[in-house]
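Notes for the one structure printed next.
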Amino acid sequence: MAAQAVLVTGGTRGIGYATAQAFLAQGAHVAICGTNPESLRAAEHALEVLAVRADVRDPQQVQSFVEQARKRFGRVDVLVNNAGVAWSGDFADEAYESIARQIDVNVKGVLYTARAVLPYMLEQGAGVIINIASGAGLTAFAGITTYSATKFAVVGFTEALDQEVRDRGIRVYGVCPGRVATDMQQAYAGRKIGMPPEQVAKRIAELAGPKPRARTGSCVTLG
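The sequence shown runs 1 to 223 under the UniProt record's numbering.
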């Protein structure tokens, strides 16, 4: 079996970084994207991956990321839509810029990247798209109202896209972890509490394999 070509958005830290490591351990070819040049260089050096500066809010940058990975690897087998941002506090106090940023990254970014890879996957007749949502996308929580709304959107998108492509060789899954010990959790709770990112990454890599143990279109819960 040929090595998988895997794309991970937000791959310079947290779940995305751990996911890149998990796929590399399986012998996959991995491309990551992010917006911080220093973090990208560090990840590129440490992981030996294709690291592309791309903001998922920009369709042209997303398309460039996908094209560079496809040119390097010859195909696109797996997309892990991981990039995400959050803000915590009372919704009445949230700035409009914060609302827009979360919608742009957490929702539009997922749609843009999936849209960019789908034509290639459909041409291949195979592919896996894994959208990282959240437990907050299944049960709403006060204090992260906009974030929760965006993750509900990701769950809905996962279900709808699955209905379109599951008979065309494409598998689509959502992943809805609980608390994960990442920088985002540090910002929200003041400390890194929850399951290690590696635990989530292991399940993501499993979903992309031959024995996913999950129904396509579902949001796999963890924690």
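C-beta atoms are modelled at their ideal positions from N, C-alpha and C, and glycine is treated no differently.
Note that the coordinates shown come from a computational prediction; the quantities given were computed from them, not determined experimentally.
Buried or exposed (CB count within 10 angstroms, at least 16 for buried), residue i
| i | result |
| --- | --- |
| Gly89 | exposed |
| Asn81 | buried |
| Asp93 | exposed |
| Pro37 | exposed |
| His45 | exposed |
| Pro119 | exposed |
| residue 224 | Residue numbering for the chain in the displayed model covers 1 to 223; residue 224 lies beyond these limits and cannot be assessed. |
| Pro177 | buried |
| Val167 | Sequence inspection shows Asp at residue 167; the Val mentioned does not correspond to that position. With fewer than 16 Cβ atoms within 10 Å of its Cβ, Asp167 is classed as exposed. |
| residue 228 | This structure gives no information on residue 228, because the portion of the chain shown stretches from 1 to 223. |
DSSP bridge partner residues for residue i (one or two, in chain order)
| i | result |
| --- | --- |
| Leu122 | BP columns for Leu122 are empty, so no partner. |
| Ile32 | Val8 and Ala51 |
| Val128 | Val78 and Arg171 |
| Val220 | Val175 |
C-alpha distance - residue i paired with residue j, whole-angstrom precision
| i | j | result |
| --- | --- | --- |
| Gln61 | Ala54 | 5 Å |
| Glu123 | Gly143 | 43 Å |
| Ile103 | Thr150 | 6 Å |
| Ala43 | Val220 | 27 Å |
| Ala83 | Thr19 | 12 Å |
| Gln21 | Thr146 | 30 Å |
| Thr216 | Val56 | 24 Å |
| Ala201 | Val155 | 18 Å |
| Gly169 | Arg13 | 31 Å |
| Gly194 | Arg179 | 5 Å |
| Ile99 | Trp87 | 8 Å |
| Glu97 | Arg70 | 34 Å |
| Gln4 | Pro210 | 12 Å |
| Tyr112 | Asn131 | 12 Å |
Whole-number beta carbon distance between residue j and residue i, since they are thought to touch under 8 Å
| i | j | result |
| --- | --- | --- |
| Ala133 | Gly174 | 5 Å |
| Leu24 | Leu7 | Actually they are not in contact, since the Cβ atoms of Leu24 and Leu7 sit about 13 Å apart, beyond 8 Å. |
| Val128 | Val78 | 5 Å |
| Val117 | Val172 | Their Cβ separation, rounded to whole angstroms, is 11 Å, which puts Val117 and Val172 out of contact at 8 Å. |
| Val52 | Gln63 | That pair is no contact at about 11 Å. |
| Arg72 | Ala31 | 7 Å |
| Phe157 | Val110 | 6 Å |
| Ile15 | Pro212 | Contact doesn't hold; Cβ gap of about 18 Å is too wide. |
Short CB-CB distance (under 8 Å) between residue i and chain B
| i | result |
| --- | --- |
| Tyr17 | Chain labels in this structure do not include chain B; a single protein chain is all it has. |
Next item on the list: List in chain order: all unbroken beta strand (DSSP E) runs of 3+ residues lying wholly within the segment 137–183.
Entry: Correct list: 170–177.
Notebook entry, point to check: In chain order, which alpha helix (DSSP H) runs of at least 4 residues are fully inside the segment 67–108?
Noted result: Look at the segment 67–108 and you find these whole runs of alpha helix (DSSP H), each 4 residues long or longer: 96–102.
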